[in-house]
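First up is the structure itself, then whatever we jot down about it.
There are 2 protein chains.
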Amino acid sequence: MSAGRPREFDQQQALEAAMRVFWTRGYEATSLEDLLAEMGLSKSSFYQAFGSKAELFQKCLEHYQDMSAQMMQSSLAGAATGWDFIRTTLEGVADGTGKKMGRAGCLLMNTATEFGQRDAAVISTVSAGLGRIQEVFKAALDRAKTEGSLTAAADTQSLALFLATNLGGLKGMARAGAAPQAIRSVIGIVLAALK
Amino acid sequence: MSAGRPREFDQQQALEAAMRVFWTRGYEATSLEDLLAEMGLSKSSFYQAFGSKAELFQKCLEHYQDMSAQMMQSSLAGAATGWDFIRTTLEGVADGTGKKMGRAGCLLMNTATEFGQRDAAVISTVSAGLGRIQEVFKAALDRAKTEGSLTAAADTQSLALFLATNLGGLKGMARAGAAPQAIRSVIGIVLAALK
DNA sequence: CCTATTTTGGACCATTCGGTCCATTACTCC
DNA sequence: GGAGTAATGGACCGAATGGTCCAAAATAGG
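These protein sequence lines are chains A and B, in that order. Under our numbering, think of the first position of the first sequence as 493, with each following residue one higher. Under our numbering, think of the first position of the second sequence as 493, with each following residue one higher.
Here you go:
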């Protein structure tokens with residue numbers, strides 16, 4: 493270890509705590525105080541380790557998309573079929589409504605909604621993240637195609653965007669307070685649309 | 493007219509200006525200063541006429557849903573078929589991307605996203621509004637059913653929620669910067685899913 | 001014309017915001 | 001154990017926040 497007083501907190505853990513706060517409350521509605529309380533560190537440590545609220549937010553966005561993409565990819569890799577992965581991914585929205593972060597929505601879509609066109613850096617991070625999610629869906633759809641559960645003529649690119657739109661839309665509905673069974677009925681229609 | 497100095501601004505116009513600001517910037521990111529500038533009135537007039545930022549926001553939410561529901565209803569009434577109404581409503585998202593408020597999203601979904609479960613009053617106004625939109629979709633679907641462009645067995649309630657989810661999702665995508673042709677390709681899939 | 005009534009402009013306010021600074025503390029390396 | 005280095009706690013900061021107050025202005029009715 494290099495010289496100097498040792499850090500008293502886990503940087504990764506603090507980042508994840510910050511991510512959860514931004515995820516549930518948004519950027520503007522989250523004050524520095526909220527952040528410090530939830531991350532469990534002092535102002536000095538905060539600024540020394542993360543630079544500023546805006547910088548931390550960017551790091552959270554990146555962490556979120558890394559986490560999401562990684563989870564989706566490994567879920568796809570472990571799924572019995574591409575179709576299976578798509579179904580369980582969507583159903584996760586309905587199943588999660590009772591859990592802690594289950595009604596938090598999607599941090600990327602939340603951010604796109606909050607910022608609109610206002611901040612170029614945020615916009616580009618968000619659309620990169622949404623693109624990655626879309627890519628995983630496309631991979632799953634292509635796999636479903638080779639597995640025969642999708643016609644060869646299907647436009648997997650557009651279908652992937654359709655799925656991303658509905659995943660985001662449903663997470664938004666969950667955030668707005670929709671009942672799990674209402675969400676499930678929509679998922680049924682979405683899945684049927686792929687056939 | 494009753495006694496007293498006459499008001500120098502149009503209350504309805506000011507309300508609509510405020511609505512547009514909240515619509516594009518959200519609640520937290522909109523400062524009183526922004527509001528006053530865009531509404532064109534002084535602080536005293538503002539507080540005298542609208543009470544507070546929070547009260548004004550509620551009025552804007554209500555005005556938005558009245559306006560939206562009314563526009564959708566008259567659009568449905570004037571449409572050749574129920575199916576036609578649904579198609580043009582969705583295509584409006586793609587067509588609007590170039591216009592002034594075309595990438596602002598849906599104020600109700602934006603608000604649901606920004607507030608989450610934080611404010612009970614806001615939540616209830618938002619879900620009432622979303623319910624009204626869903627109802628118009630259901631009416632259109634029921635009409636499409638009688639017109640023969642939808643099977644009699646179709647669950648119009650769930651399909652209405654599906655359409656509301658996609659309308660919100662697509663407006664969100666537009667807000668995130670999606671290209672109109674990408675939006676159009678998703679709309680094609682959504683419409684095909686109804687058949 | 002005078003009074004009652006309402007709106008307007010702007011001074012004023014406490015609080016909160018994100019952020020800086022620095023003395024103190026706790027370590028490593030020599 | 002002393003020197004160098006990095007993290008911590010907390011005092012401090014200017015600016016912006018949403019909101020109040022009141023004197024001046026502009027009307028209607030008597």
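Where is the CB? At the ideal position from N, CA and C, for every residue including glycine. Computed from a predicted structure; not experimentally measured.
*asked:* Whole angstroms are fine: how far does the CA of Lys-592 of chain A sit from the CA of Gln-540 of chain A?
replied: Residue mapping note: residue 540 of chain A aligns to position 48 of the first sequence, counting from 1. Residue mapping note: residue 592 of chain A aligns to position 100 of the first sequence, counting from 1. So the alpha carbons of these two residues sit roughly 30 Å apart.
Next on the checklist: Please identify the residue among B:Leu-683, B:Val-513, B:Gln-503 whose C-alpha is closest to the C-alpha of Gly-608 of chain A.
Outcome noted: On the first sequence, residue 608 of chain A is found 116 positions in, with the first residue counted as 1. Of the listed residues, the one whose Cα sits closest to Gly-608 of chain A is B:Val-513.
- Message: Can you tell me where the alpha helix (DSSP H) holding Gly-584 of chain B begins and where it ends?
- Response: If you number the second sequence from 1, residue 584 of chain B lands on position 92. DSSP places Gly-584 of chain B inside the alpha helix (DSSP H), whose first and last residues are 574 to 588.
Q.
Closer than 8 Å between beta carbons: that is the criterion. Which residues of the region 549 to 575 of chain A meet it against chain B?
A. The region 549 to 575 of chain A vs chain B, Cβ under 8 Å: nothing.
For Ala-670 of chain A and Met-531 of chain B, what's the separation of their Cα atoms in angstroms? Start at 1 with the first residue of the first sequence, and residue 670 of chain A comes out as number 178. Start at 1 with the first residue of the second sequence, and residue 531 of chain B comes out as number 39. Distance between the alpha carbons of Ala-670 of chain A and Met-531 of chain B: 34 Å.
| Cβ-Cβ distance between Ala-632 of chain A and Ile-578 of chain A below 8 Å | Taking the first sequence and counting its residues from 1, the one referred to as residue 632 of chain A is at position 140. Taking the first sequence and counting its residues from 1, the one referred to as residue 578 of chain A is at position 86. Contact flag set, yes.
Exercise for the section: Would you identify the three-state DSSP class for Tyr-556 of chain A, choosing helix, strand or coil? Expected result: Counted from its first residue, the first sequence places residue 556 of chain A at position 64. Annotated three-state conformation of Tyr-556 of chain A is helix, per DSSP.
Here's the rule I'm using: 16 or more other beta-carbon atoms within 10 Å means buried, otherwise exposed. How should Gly-590 of chain A be labelled? Start at 1 with the first residue of the first sequence, and residue 590 of chain A comes out as number 98. With fewer than 16 neighbouring CB atoms inside 10 Å of its own CB, Gly-590 of chain A falls in the exposed class.
task: Provide the residue span of the alpha helix (DSSP H) that contains Phe-501 of chain A, from first to last.
output: Your numbering for residue 501 of chain A matches position 9 in the first sequence. Going by DSSP, Phe-501 of chain A is part of no alpha helix (DSSP H) at all; its letter is neither H nor E.
Q | Enclosing alpha helix (DSSP H) for Ser-677 of chain A [first to last residue] | A | The sequence position of residue 677 of chain A within the first sequence is 185, counting from 1. For Ser-677 of chain A, the uninterrupted alpha helix (DSSP H) run begins and ends at 672 to 686, by DSSP.
Under 8 Å between C-beta atoms of Asn-658 of chain B and Gly-661 of chain A: Counting from one through the second sequence, the residue named residue 658 of chain B turns up at place 166. Counting from one through the first sequence, the residue named residue 661 of chain A turns up at place 169. Asn-658 of chain B places its beta carbon less than 8 Å from that of Gly-661 of chain A.
**Prompt:** What are the boundary residues of the alpha helix (DSSP H) that includes Thr-605 of chain B?
**Reply:** By one-based count along the second sequence, residue 605 of chain B stands at place 113. Annotation: the continuous alpha helix (DSSP H) that includes Thr-605 of chain B extends over 599 to 607.
- Whole-angstrom C-beta distance between Arg-635 of chain A and Gly-574 of chain A, which should lie under 8 Å: On the first sequence, position 82 is the one that residue 574 of chain A refers to. On the first sequence, position 143 is the one that residue 635 of chain A refers to. Between Gly-574 of chain A and Arg-635 of chain A a beta carbon distance of about 3 Å is seen, short of the 8 Å cut, so the two are scored as contacting.
- Message: Can you pull out the residues from the region 614 to 627 of chain A whose beta carbon lies closer than 8 Å to at least one beta carbon of chain B?
- Response: If the cut-off is 8 Å between Cβ atoms, the region 614 to 627 of chain A has Ile-615, Val-618, Ser-619, Leu-622 near chain B.
- Query: Thinking just about the alpha-carbon of each residue, which of B:Ala-529, B:Gln-505, B:Leu-548 is nearest to the one in Ala-613 of chain B?
  - Reply: Residue numbering aside, residue 613 of chain B sits at position 121 when the second sequence is read from its first letter. Here the closest residue by C-alpha is B:Leu-548.
Worksheet item: Is it true that the CB of Ser-619 of chain A sits closer than 8 Å to the CB of Ala-668 of chain B?
Response: Residue 668 of chain B sits at position 176 when you count from the first residue of the second sequence. Residue 619 of chain A sits at position 127 when you count from the first residue of the first sequence. Taking C-beta atoms as the reference points, Ala-668 of chain B and Ser-619 of chain A count as a pair closer than 8 Å.
| Residue range of the unbroken alpha helix (DSSP H) whose run includes Tyr-539 of chain B | Mapped onto the second sequence, residue 539 of chain B falls at position 47. Judged by DSSP secondary structure, Tyr-539 of chain B falls within the alpha helix (DSSP H) whose first and last residues are 535 to 542.
- Taking Leu-653 of chain B as the query, report the chain A residues whose CB atoms sit under 9 Å from its CB, ordered along the chain. Position 161 of the second sequence, counted from the start, is the residue given in the question as residue 653 of chain B. Neighbours of Leu-653 of chain B on chain A, chain order: Met-665, Ala-670, Ala-674, Ile-675, Ser-677, Val-678, Ile-681.
Sort A:Thr-605, A:Ala-561, A:Gly-597 by Cα distance to Lys-630 of chain A and report the nearest one.
On the first sequence, position 138 is the one that residue 630 of chain A refers to. Nearest neighbour of Lys-630 of chain A by Cα position, chosen from A:Thr-605, A:Ala-561, A:Gly-597, turns out to be A:Ala-561.
Discussion item. Contact between the region 553 to 571 of chain B and the region 503 to 512 of chain B is defined here as three or more beta-carbon pairs at a separation below 8 Å; is this criterion met?
Written reply: Enough Cβ pairs lie closer than 8 Å, so yes.
Run the CB neighbour count on Ala-645 of chain A, radius 10 Å, all protein chains shown included, and call it buried at 16 or more, exposed below.
Stepping through the first sequence from its first residue, residue 645 of chain A is reached at position 153. Burial call: exposed.
Nearest residue (CA-CA) to Leu-651 of chain B, options A:Glu-639, A:Glu-525, A:Leu-600, A:Ile-679:
Here residue 651 of chain B refers to the residue found at position 159 of the second sequence. Nearest option by C-alpha distance: A:Ile-679.
Looking only at its chain, what residues have a beta carbon closer than 8 Å to the beta carbon of Ile-675 of chain B, apart from the 5 residues adjacent to it on each side? For the purposes of this step, residue 675 of chain B is identified with residue 183 of the second sequence, where counting begins at 1. Once the five neighbours on either side are set aside, the close Cβ partners of Ile-675 of chain B are Val-585, Ala-586, Thr-589, Leu-662, Met-665, Ala-666.
Next on the checklist: For Val-628 of chain B and Met-564 of chain B, I'd like the C-alpha separation in whole angstroms.
Outcome noted: In the second sequence, residue 628 of chain B corresponds to position 136, counting from 1. In the second sequence, residue 564 of chain B corresponds to position 72, counting from 1. Distance between the alpha carbons of Val-628 of chain B and Met-564 of chain B: 7 Å.
Practice problem: Can you have a look at Thr-648 of chain B and say buried or exposed, based on whether 16 or more other CB atoms are within 10 angstroms of its CB? | Solution: For the purposes of this step, residue 648 of chain B is taken as residue 156 along the second sequence, with counting starting at 1. When all chains shown are included, Thr-648 of chain B counts as buried.
Quick one: list the residues of chain A neighbouring Leu-662 of chain B, beta-carbon separation under 7 Å, in chain order. Against the second sequence, residue 662 of chain B aligns to sequence position 170. Chain order gives the chain A residues near Leu-662 of chain B as Thr-657, where near means a beta carbon separation below 7 Å.
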